[in-house]
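Q: Those protein sequences? They're chains A and B, same order as listed.
FYI, numbering that gives the first Met the number 0 numbers position 120 of the first sequence as 119, with every residue one higher than the one before it.
FYI, numbering that gives the first Met the number 0 numbers position 17 of the second sequence as 16, with every residue one higher than the one before it.
Protein chains: 2
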Amino acid sequence: MRNMIDALQWRYATKVFDANKKLTAEQSDLLLEAVRLSPSSFGIQPWRVIVVTNPEIRERLRQAGYGQPQITDASHLIVFVTKKNLSDSDVDEFIALTANTRGVSASGLEGYGGMIKQSLSGKSEEKRIEWASRQAYVALGVLLAIAAHEGIDACPMEGFDPSAFDEILGLSEKGLTTCVVATVGFRSEADQTARFPKVRFSQEELIKKVE
Amino acid sequence: MRNMIDALQWRYATKVFDANKKLTAEQSDLLLEAVRLSPSSFGIQPWRVIVVTNPEIRERLRQAGYGQPQITDASHLIVFVTKKNLSDSDVDEFIALTANTRGVSASGLEGYGGMIKQSLSGKSEEKRIEWASRQAYVALGVLLAIAAHEGIDACPMEGFDPSAFDEILGLSEKGLTTCVVATVGFRSEADQTARFPKVRFSQEELIKKVE
Numbered sequence: 000m001r002n003m004i005d006a007l008q009w010r011y012a013t014k015v016f017d018a019n020k021k022l023t024a025e026q027s028d029l030l031l032e033a034v035r036l037s038p039s040s041f042g043i044q045p046w047r048v049i050v051v052t053n054p055e056i057r058e059r060l061r062q063a064g065y066g067q068p069q070i071t072d073a074s075h076l077i078v079f080v081t082k083k084n085l086s087d088s089d090v091d092e093f094i095a096l097t098a099n100t101r102g103v104s105a106s107g108l109e110g111y112g113g114m115i116k117q118s119l120s121g122k123s124e125e126k127r128i129e130w131a132s133r134q135a136y137v138a139l140g141v142l143l144a145i146a147a148h149e150g151i152d153a154c155p156m157e158g159f160d161p162s163a164f165d166e167i168l169g170l171s172e173k174g175l176t177t178c179v180v181a182t183v184g185f186r187s188e189a190d191q192t193a194r195f196p197k198v199r200f201s202q203e204e205l206i207k208k209v210e
Numbered sequence: 000m001r002n003m004i005d006a007l008q009w010r011y012a013t014k015v016f017d018a019n020k021k022l023t024a025e026q027s028d029l030l031l032e033a034v035r036l037s038p039s040s041f042g043i044q045p046w047r048v049i050v051v052t053n054p055e056i057r058e059r060l061r062q063a064g065y066g067q068p069q070i071t072d073a074s075h076l077i078v079f080v081t082k083k084n085l086s087d088s089d090v091d092e093f094i095a096l097t098a099n100t101r102g103v104s105a106s107g108l109e110g111y112g113g114m115i116k117q118s119l120s121g122k123s124e125e126k127r128i129e130w131a132s133r134q135a136y137v138a139l140g141v142l143l144a145i146a147a148h149e150g151i152d153a154c155p156m157e158g159f160d161p162s163a164f165d166e167i168l169g170l171s172e173k174g175l176t177t178c179v180v181a182t183v184g185f186r187s188e189a190d191q192t193a194r195f196p197k198v199r200f201s202q203e204e205l206i207k208k209v210e
């Protein structure tokens, strides 16, 4: 455990992972549990996560990711995928989970479910994917913060061919599509970018206070 | 400082804030610095943050946020806004910052800048806003994780009229538009939702391992 600002200063988008250093089961469990607990709009969690450790599949994904070595060399490859066609049945599933978790009747939550359905019905399929993607990016942010806190390196990645990822991971037939990727593990001593000063705009540039 | 899983279990989308409990300057500085340090694609940080503590403006924003009391009652209202028309000049500004931070010449980073420009030029204005929004959601995720770690309550909010927010905050003329909101502060004892069990899908439902 460490100061969170120090942790965020320490982290960087790791370009070269040490392929011999793997997360412990405890570490990967912690990261995945943090992802699971991440907040989402309405709490509906319109994303899923695929954790790829299989080397052959990672080699294929690397080809679909412009050859970037993190995809094969990091300890774990975490692929965030979103539901393509969020529908009333997803809402019903979520409402059933809520009723079950809270020990109340699903009928008592009809108003809440109806509100979510109404919100979804006003969006095109593309907009629903986009909205689901934003929720996945919240979970990505949580993952990156927690990884930093635990001294685990990570590289968030948007540079890949989503269609090829979908095909390799067999997502389309499940109504899913690839959203964003995080590779996690431990930096290699050979990663010179680890020593680059962090580039961030100043608070004056980024933050405006209306007092 | 606390275990991160406990922190994520402790947090919830706070519905009723204690209007009398304010963040200390140290706490708000920490949250805003965490937002500033949040990662973004290419590192370009295509978002800005407006921190509203002014009560009159918050009252107006509350009207534009379906009357939700968090908007006025939380200690701080943090509005994430994105650039509407990310262009080559934004890339140049970022490359100049990078060169300055790292003590190298901007011309040596021309290839990197060109790659970012090419990526942006392939996107419509709508797609650029969407891409910028995803980066803002990463920062939102980082904010929510760090707030939980520090024992600070928060409520992420999508339920507001973005055009009305843009107008009240004078964003359009600055080429900005409202993306997502986080209210932060401290839960009220009166918030019954604080005692509701957290609803999350199981790891079995959310996470698939390809080993």
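The beta carbon of each residue, even a glycine, is placed where N, CA and C say it ideally should be.
1. Would the beta-carbon of A:V141 fall within 9 Å of that of A:P54?
2. On the three-state DSSP scale, how would you describe B:P155?
3. Would the beta-carbon of B:W46 fall within 9 Å of that of B:C178?
4. Using a beta-carbon distance below 9 Å, is A:Q44 in contact with chain B?
5. Taking 7 Å as the limit between beta carbons, can you name the residues of its chain near B:I128, skipping five residues before and five after?
6. Taking Cβ positions only, does B:M0 come closer than 9 Å to chain A?
7. When the Cα atoms are used, what is the spatial distance from A:G246 to A:L96?
8. Would you mind stating whether B:V198 and A:R101 have Cβ atoms separated by less than 9 Å?
9. My output table needs one value for B:V103: the three-state DSSP class, helix, strand or coil.
10. Using a Cβ-Cβ cutoff of less than 8 Å, which residues in the same chain neighbour B:E124 once the five nearest sequence positions on both sides are dropped?
11. For A:A163, collect the residues of the same chain with a Cβ closer than 6 Å to its Cβ; drop the 5 residues on either side in sequence, then sort them by chain order.
12. Is the distance from the Cβ of B:L60 to the Cβ of B:V78 below 9 Å?
13. If B:I4 and A:L29 are in contact, beta carbons under 8 Å, what's the gap, nearest whole angstrom?
14. A:Y136 touches chain B at which residues, Cβ-Cβ below 9 Å?
15. For A:T97, which of helix, strand or coil comes out of DSSP?
16. Specify whether the stretch 180-189 of chain A and the stretch 104-123 of chain B touch according to this definition: at least 3 beta carbon pairs, one from each stretch, less than 8 Å apart.
17. Measure the Cβ-Cβ separation of B:V209 and B:H75 and say whether it is below 9 Å.
18. Can you check whether the C-beta of B:E129 is within less than 9 Å of a C-beta belonging to chain A?
A: In this structure, then:
1. Here residue 141 of chain A corresponds to residue number 142 of the first sequence, with the count starting at 1. Here residue 54 of chain A corresponds to residue number 55 of the first sequence, with the count starting at 1. Cβ distance not < 9 Å, so A:V141 and A:P54 don't count as in contact.
2. On the second sequence, residue 155 of chain B is found 156 positions in, with the first residue counted as 1. If DSSP states are grouped into helix, strand and coil, B:P155 belongs with the strands.
3. As a working mapping, residue 46 of chain B is identified with position 47 in the second sequence. As a working mapping, residue 178 of chain B is identified with position 179 in the second sequence. Yes. Within cutoff.
4. Counted from its first residue, the first sequence places residue 44 of chain A at position 45. Interface annotation, A:Q44: in contact with chain B, CB-CB separation under 9 Å.
5. On the second sequence, position 129 is the one that residue 128 of chain B refers to. Answer for B:I128: T81, K83, T176, listed in chain order.
6. Along the second sequence, read from residue 1 onward, the residue named residue 0 of chain B stands at position 1. Low local confidence applies: a pLDDT of 41 at B:M0 is under 50, so the model's placement there is unreliable, with the coordinate-based value given in what follows. With 9 Å as the cut-off, B:M0 counts as an interface residue toward chain A.
7. No answer is possible for residue 246 of chain A: it lies beyond the span of chain A, which begins at 0 and ends at 210.
8. For the purposes of this step, residue 198 of chain B is taken as residue 199 along the second sequence, with counting starting at 1. For the purposes of this step, residue 101 of chain A is taken as residue 102 along the first sequence, with counting starting at 1. Result yes, Cβ atoms of B:V198 and A:R101 sit closer than 9 Å.
9. Against the second sequence, residue 103 of chain B aligns to sequence position 104. Residue state, collapsed to three classes: coil.
10. Position 125 of the second sequence, counted from the first residue, corresponds to residue 124 of chain B. The residues are K83, N84.
11. Residue 163 of chain A sits at position 164 when you count from the first residue of the first sequence. Around A:A163: A63.
12. As a position in the second sequence, residue 60 of chain B is number 61, starting the count at 1. As a position in the second sequence, residue 78 of chain B is number 79, starting the count at 1. In this structure, B:V78 lies closer than 9 Å to B:L60 by Cβ.
13. Position 5 of the second sequence, counted from the start, is the residue given in the question as residue 4 of chain B. Position 30 of the first sequence, counted from the start, is the residue given in the question as residue 29 of chain A. Rounded, the Cβ-Cβ distance is 7 Å, consistent with contact.
14. Position 137 of the first sequence holds residue 136 of chain A. Residues of chain B with a Cβ closer than 9 Å to the Cβ of A:Y136 are, in chain order, S132, R133, Q134, A135, Y136, V137, L139, G140.
15. Sequence index remark: in the first sequence, residue 97 of chain A carries index 98 (1-based). Looking at A:T97 - three-state DSSP - the assignment turns out to be helix.
16. With the cut-off at 8 Å, the stretch 180-189 of chain A and the stretch 104-123 of chain B do not touch.
17. Mapped onto the second sequence, residue 209 of chain B falls at position 210. Mapped onto the second sequence, residue 75 of chain B falls at position 76. Pairing B:V209 with B:H75 gives a Cβ-Cβ distance that is not under 9 Å.
18. On the second sequence, residue 129 of chain B is found 130 positions in, with the first residue counted as 1. Yes, contact with chain A.
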